[in-house]
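Be aware that the sequence shown starts at 1, since it is given in full-length UniProt numbering, and climbs by one per residue. Virtual Cβ for every residue (Gly too), placed ideally from N, Cα, C. A quick write-up on the structure given underneath.
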Amino acid sequence: MQKAQIHLQMQLQKKLQKEERMMIKSIKKAFVLGMTSLILFAGLPATTAHAADSEPIHTVTSVSGKESNPVVTYELKFDKTRVTDGRIAVLYDPEVLTLAQGKGNVNFSERDFNKDYKEGDQTGVSFAFVHDEGKYVKGSLLTLTFYVKPGIESQSTTFKTEVFQISDGDKDVLTNVVLDDTVEVGRPKLVAPANVQATQGLIGVDVSWDEVPGADGYTVYRAESENGTYKVLGSTSGNSYNNLWVNKNRTYYFQVKAYQKQGKEKVYSEPSAPVSIKVKGLLEKLGG
């Protein structure tokens with residue numbers, strides 16, 4: 001009887017210990033995953049470092065695609081490391097970049113991705129994960145892709161990666177570290193086309209101008225008075241345009257704008273100074 005009671009007590013103790021471990025895991029899981037929507041870093045000491053100085057994690061940023069439609073890619077990578085849980089946030093400038101896609105690249109027991117993370121007046125994404133047991137991770141943990149907003153002039157923009165904590169059970173792998181990565185985005189600001197000239201040819205009026213650095217094309221406008229309404233005649237990728245349909249003895253005013261293609265949109269320069277020409281009849285033209 002006594003042996004049976006001892007055996008029963010041992011079984012109960014094992015069951016309680018197992019339930020306690022499960023409860024601790026559940027509490028930790030709820031804590032880690034619940035943190036992705038909260039402000040975690042306020043008041044915590046942090047070390048700002050370059051990715052190469054923050055082993056076992058590294059960040060990589062790159063710009064690809066056409067100049068008119070660039071894509072910025074951010075990656076958070078791991079050296080081979082054993083982990084059980086982690087909490088990370090990546091802050092960026094929403095005035096410059098638009099988040100296109102974000103994903104975690106490693107399967108964990110539980111993970112949470114919050115694309116609407118806020119920290120004070122800063123915007124970003126947060127990523128939290130929990131694994132039931134220790135797991136070795138190597139390579140890409142998190143990938144984010146961004147579009148550059150239309151009209152952004154050439155500038156540097158910074159990603160701030162906040163590693164709140166990465167753990168292997170009770171052991172801290174990395175805690176309270178900030179990594180800064182800077183990438184160049186945008187295009188040179190367009191200037192108004194210069195040296196715009198309007199000359200009468202045998203057919204219509206030829207409008208020409210100097211090329212504008214960084215321009216993808218030009219739009220030509222016409223009005224019938226200097227301060228009148230300028231209407232679009234057409235667009236061209238070159239630096240000249242023929243206005244075929246004109247009437248003799250009438251004065252026309254022309255302006256030109258340069259533009260850049262940015263995604264599906266066009267970003268325009270200021271208009272050039274207007275130039276005018278009075279159209280002559282053909283005999284007048286031939287007679288000088």
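Mind pulling the beta strand (DSSP E) runs of 3 or more residues that sit fully within the region 82 to 154?
-> 97 to 104, 110 to 119, 122 to 148
Ordered along the chain, which non-local residues of its own chain (more than five positions away) have a Cβ less than 6 Å from that of V256?
-> P193, V196, W209, Y218, V220, S272
Nearest-angstrom beta carbon gap, H131 and D85 [assumed within contact, 8 Å] = 7 Å
Three-way DSSP call (helix, strand, coil) for S225 in this model | coil
Nearest residue (CA-CA) to G250, options V212, F164, V205 = Here residue 250 turns out to be Arg, not Gly, going by the sequence shown. Considering only alpha carbons, the answer is V205.
How should L233 be labelled, buried or exposed, when 16 other C-beta atoms within 10 angstroms of its C-beta is the threshold for buried?
-> buried
Measure the beta-carbon distance from D181 to T59 and round it to whole angstroms, keeping in mind my assumption that it falls under 8 Å.
-> 5 Å
Using 8 Å as the threshold, is the region 104 to 112 in touch with the region 123 to 137, meaning 3 or more CB pairs across them?
-> yes
Would you say the region 117 to 128 touches the region 165 to 182, given that touching needs at least three Cβ pairs under 8 Å?
-> Judged by Cβ distances under 8 Å, the region 117 to 128 makes no contact with the region 165 to 182, as fewer than three pairs qualify.
Cross-strand partners of E184 (DSSP beta bridge) | Bridge pairing for E184: S156 [DSSP].
For Y230, which of V163, F254, G104, P70 has the nearest alpha-carbon?
-> F254
With DSSP collapsed to three states, give me the class of I203.
-> coil
Nearest to S154 by alpha carbon, out of P70, Q101, G169, E226?
-> Residue P70 is the option with its Cα nearest to S154.
Could you spell out the range, first to last residue, of the beta strand (DSSP E) harbouring Y230?
-> Note, Y230: premise wrong, no beta strand (DSSP E); not H, not E.
Exposed or buried, Y136, counting other C-beta atoms within 10 Å across all chains shown (16 or more means buried)?
-> exposed
With F164 and I88 assumed to form a contact (beta carbons below 8 Å), what rounded beta-carbon distance in angstroms separates them?
-> The Cβ separation is near 7 Å, so the contact holds.
Roughly how many angstroms lie between the CA atoms of D121 and S140, to the nearest whole one?
-> 28 Å
Alpha carbon to alpha carbon, how far is K160 from L91? Give it in angstroms, no decimals.
-> 5 Å
Alpha-carbon to alpha-carbon, D93 and T158 | 7 Å
F254 CB to nearest heavy atom of the ligand COA below 8 Å = In the structure on display, the ligand COA does not appear, and there are no ligands present to speak of.
Label A100 either buried or exposed according to how many other C-beta atoms from any shown protein chain fall within 10 Å of its C-beta, with 16 as the threshold for buried.
-> exposed
Quick one: measure Cβ to Cβ for V148 and V185, integer angstroms, because I've assumed they're closer than 8 Å.
-> 5 Å
With DSSP run on the structure shown, which of helix, strand or coil describes T263?
-> According to the sequence provided, residue 263 is Gly. The question's Thr does not apply to it. It is coil, neither helix nor strand.
If you count every other CB in all the chains shown that lies within 10 Å of the CB of L202, and 16 or more means buried, which is it?
-> exposed
Residue burial classification, N243 (beta-carbon count within 10 angstroms, cutoff 16) | buried
Express the C-alpha separation of L144 and K103 in angstroms, rounding to a whole number.
-> 7 Å
In the DSSP assignment, find the unbroken beta strand (DSSP E) run with S240 in it and report its ends.
-> 240 to 243
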